[in-house]
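Novice:
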Amino acid sequence: MAHGLAAIIEDELIFEEEILQAVIVLAMESDEEEERWREERERRQQPTRVEGYFDRTISLYNNHDFKSHFRMERASFEQLVPLLGPHLTLRTVPVEKKLLATLCLLGNEESFRSVADRFDLNKGSLHGIVMEVCAGLRAVRPQFLYWPDREEQSQIANSFLRKTGFPGVVGCIDGSHIPIPGPSDHRAAYINRKGFPSIQMQAVCDDNLRFLDIIAGWPGSVHDARVFRNSPLYGLLEAGNVHDDHHLLGDSAYAPTQYMMVPFRDNGHLTEEQGNYNTQHSSARMAIERAFGLLKSKFRRLHYLDMRLIDKIPLIIMACCVLHNFILVKEKIEVPVQDMEIDDPDDPVPLEGGPQPQPVNQRAALKREMLVNLLA
1 MAHGLAAIIE
11 DELIFEEEIL
21 QAVIVLAMES
31 DEEEERWREE
41 RERRQQPTRV
51 EGYFDRTISL
61 YNNHDFKSHF
71 RMERASFEQL
81 VPLLGPHLTL
91 RTVPVEKKLL
101 ATLCLLGNEE
111 SFRSVADRFD
121 LNKGSLHGIV
131 MEVCAGLRAV
141 RPQFLYWPDR
151 EEQSQIANSF
161 LRKTGFPGVV
171 GCIDGSHIPI
181 PGPSDHRAAY
191 INRKGFPSIQ
201 MQAVCDDNLR
211 FLDIIAGWPG
221 SVHDARVFRN
231 SPLYGLLEAG
241 NVHDDHHLLG
251 DSAYAPTQYM
261 MVPFRDNGHL
271 TEEQGNYNTQ
281 HSSARMAIER
291 AFGLLKSKFR
301 RLHYLDMRLI
311 DKIPLIIMAC
321 CVLHNFILVK
331 EKIEVPVQDM
341 EIDDPDDPVP
351 LEGGPQPQPV
361 NQRAALKREM
371 LVNLLA
């Protein structure tokens with residue numbers, strides 16, 4: 001009996017020893033696994049720099065690949081370098097590298113870290129480079145983005161007439177929302193009618209989709225008409241900069257004036273001639289939606305501008321518009337109009353939710369009726 005009890009105790013001790021050994025082994029394996037996991041996490045947190053991307057890889061791109069990455073042809077880039085070089089005074093990074101890194105960032109939706117790693121930069125350096133290049137583009141803006149004088153306005157009007165059949169058009173105007181994360185302070189002011197935070201961009205373009213005037217920076221909740229009334233362009237037009245026979249085309253969010261032709265409000269009682277005017281007005285005014293679409297298809301960062309520094313956002317938007325015009329001057333639009341991405345237009349709403357704007361003066365009403373008759 002005692003012998004049997006001793007045997008049982010001995011077996012239990014052996015079993016406990018085996019369990020203890022197993023626990024020790026599992027603990028060791030767990031520690032090793034934890035160490036491997038820690039090493040992997042640290043490895044992933046380290047920047048993955050791309051060796052030789054700027055020095056070697058880019059030089060191997062053919063023109064198609066170069067344009068795919070940097071949104072313009074290599075020949076255009078080679079003209080951009082001496083244009084912006086004098087405005088990029090910090091020489092620690094080559095001018096070409098600064099421009100390529102900026103074009104890569106603006107032209108794609110990659111993270112700052114990804115672009116920085118590709119160009120062997122840290123995030124802080126890349127941010128400083130991008131702002132420096134955008135400031136340089138602001139300096140050369142008058143060469144590529146400017147309001148036309150009377151002579152050029154006549155040329156634009158003639159070109160619009162040939163292409164669309166609508167007389168007297170010197171530009172098309174509209175607003176576009178640039179999505180942003182939104183600030184923590186006064187966030188509600190940046191929420192637009194579609195429910196997301198944005199910065200307003202107002203622009204006028206010609207028939208070739210070249211921007212003639214832009215202003216950016218108003219919070220997304222602000223109405224297009226208010227942005228326009230507070231823009232330098234409004235003062236210019238009010239001062240008589242546009243000939244009486246010329247005008248902008250805007251949607252019904254804008255008040256009709258001698259220099260701003262808008263569609264008739266369709267209340268179900270339009271005449272056939274008024275309906276025809278609206279159709280041709282809409283067709284001609286699509287130029288601004290195409291311009292916005294082309295801008296955002298080239299500079300995809302504008303699909304969502306992930307920036308917290310609200311005061312820096314207008315500079316980025318303006319820089320993209322200058323680059324847009326630069327490319328149009330140097331290259332042809334390679335996308336047929338019928339296949340071009342169209343910016344998602346807002347449905348125009350009355351200012352402050354009030355009644356639909358009506359002709360504010362007799363001259364505007366008479367001019368619109370004259371156009372109705374000309375287009376009939």
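Sequence positions in the sequence shown follow full-length UniProt numbering and run 1 to 376. Glycine included, C-beta positions come from ideal geometry on N, C-alpha and C. Quick caveat, the model's predicted, so the values are computed rather than measured.
Beta-carbon separation of Q274 and V372 under 8 Å?
Specialist: Reading the sequence shown from its first residue, position 274 is the one you call residue 274. Reading the sequence shown from its first residue, position 372 is the one you call residue 372. Contact flag set, yes.
Novice: Given a cut-off of 8 Å on the beta-carbon distance, is the pair D106 and F292 in contact?
Specialist: The sequence position of residue 106 within the sequence shown is 106, counting from 1. The sequence position of residue 292 within the sequence shown is 292, counting from 1. Inspection of the sequence shows that residue 106 is occupied by Leu rather than by Asp. The answer is no: Cβ separation not under 8 Å.
Novice: For a quick check, are the C-beta atoms of E109 and R290 less than 8 Å apart?
Specialist: Taking the sequence shown and counting its residues from 1, one reaches residue 109 at position 109. Taking the sequence shown and counting its residues from 1, one reaches residue 290 at position 290. In this structure, R290 does not lie closer than 8 Å to E109 by Cβ.
Novice: Is A287 helix, strand or coil when you go by DSSP?
Specialist: Position 287 of the sequence shown, counted from the start, is the residue given in the question as residue 287. The answer is helix: DSSP assigns A287 an H, G or I state.
Novice: List the residues that DSSP assigns as beta-bridge partners of D213.
Specialist: Stepping through the sequence shown from its first residue, residue 213 is reached at position 213. Looking at the DSSP assignment, D213 forms a beta bridge with V204.
Novice: In the DSSP assignment, find the beta strand (DSSP E) that holds L249 and state where it starts and stops.
Specialist: As a position in the sequence shown, residue 249 is number 249, starting the count at 1. Run containing L249: H247 to L249, per the beta strand (DSSP E) assignment.
Novice: What is the DSSP secondary structure of H87, reduced to helix, strand or coil?
Specialist: As a working note, residue 87 is residue 87 in the sequence shown. Note: H87 maps to helix in three-state DSSP.
Novice: For a quick check, are the C-beta atoms of H246 and M260 less than 8 Å apart?
Specialist: Sequence index remark: in the sequence shown, residue 246 carries index 246 (1-based). Sequence index remark: in the sequence shown, residue 260 carries index 260 (1-based). The Cβ-Cβ distance between H246 and M260 does not fall below 8 Å.
Novice: Looking at P197: is its Cβ nearer than 8 Å to the Cβ of G220?
Specialist: Against the sequence shown, residue 197 aligns to sequence position 197. Against the sequence shown, residue 220 aligns to sequence position 220. Against a cut-off of 8 Å, the Cβ pair of G220 and P197 comes out as a contact.
Novice: Taking all protein chains shown into account, decide if H303 is buried (16 or more other Cβ within 10 angstroms of its Cβ) or exposed.
Specialist: Here residue 303 refers to the residue found at position 303 of the sequence shown. The residue in question, H303, is exposed, as its Cβ has fewer than 16 Cβ neighbours within 10 Å.
Novice: Are the beta-carbon atoms belonging to R118 and Y61 less than 8 Å from one another?
Specialist: Locating residue 118 in the sequence shown gives position 118, where the first residue counts as 1. Locating residue 61 in the sequence shown gives position 61, where the first residue counts as 1. Cβ atoms of R118 and Y61: not closer than 8 Å.
Novice: What are the boundary residues of the beta strand (DSSP E) that includes T120?
Specialist: Residue numbering aside, residue 120 sits at position 120 when the sequence shown is read from its first letter. According to the sequence as given, residue 120 is Asp; it is not Thr. For D120, there is no enclosing beta strand (DSSP E), as DSSP gives it neither H nor E.
Novice: Should A188 be labelled buried (16 or more other beta-carbon atoms within 10 Å of its own) or exposed?
Specialist: Working through the sequence shown from its first residue, we reach residue 188 at position 188. With fewer than 16 other Cβ atoms inside 10 Å of its own Cβ, A188 counts as exposed.
Novice: If you follow the beta strand (DSSP E) that Q224 is in, where does it begin and where does it stop?
Specialist: To locate residue 224, count along the sequence shown from 1; it is residue 224. Residue 224 is actually Asp in this sequence, not Gln. Here D224 belongs to no beta strand (DSSP E); instead the alpha helix (DSSP H) covers D224 to R229.
Novice: What is the DSSP secondary structure of D174, counted as helix, strand or coil?
Specialist: Here residue 174 is taken as the residue at index 174 of the sequence shown, counted from 1. In this structure, D174 counts as strand in the three-state DSSP scheme.
Novice: In this structure, what does DSSP give as the bridge partners for P142?
Specialist: By 1-based counting over the sequence shown, the position of residue 142 is 142. Within the DSSP secondary-structure output, P142 pairs in no beta bridge.
Novice: F166 and H243 - do their beta-carbons sit closer together than 8 Å?
Specialist: If you number the sequence shown from 1, residue 243 lands on position 243. If you number the sequence shown from 1, residue 166 lands on position 166. Taking 8 Å as the Cβ cut-off, H243 and F166 do not qualify as a contacting pair.
Novice: Along the chain, where does the alpha helix (DSSP H) that runs through H186 open and close?
Specialist: Translated into the one-based positions of the sequence shown, residue 186 becomes position 186. It is not in any alpha helix (DSSP H) - H186 carries neither H nor E in the DSSP assignment.
Novice: CB F160 to CB D207, shorter than 8 Å?
Specialist: As a working mapping, residue 160 is identified with position 160 in the sequence shown. As a working mapping, residue 207 is identified with position 207 in the sequence shown. In contact: F160 and D207 (Cβ atoms closer than 8 Å).
Novice: For R74, which of R229, E369 and K330 has the nearest alpha-carbon?
Specialist: Walking along the sequence shown from the start, residue 74 turns up at place 74. It is K330.
Novice: Bridge partners of H111, per DSSP?
Specialist: As a working mapping, residue 111 is identified with position 111 in the sequence shown. Note on identity: in this sequence residue 111 is Ser, with His being the wrong assignment. BP columns for S111 are empty, so no partner.
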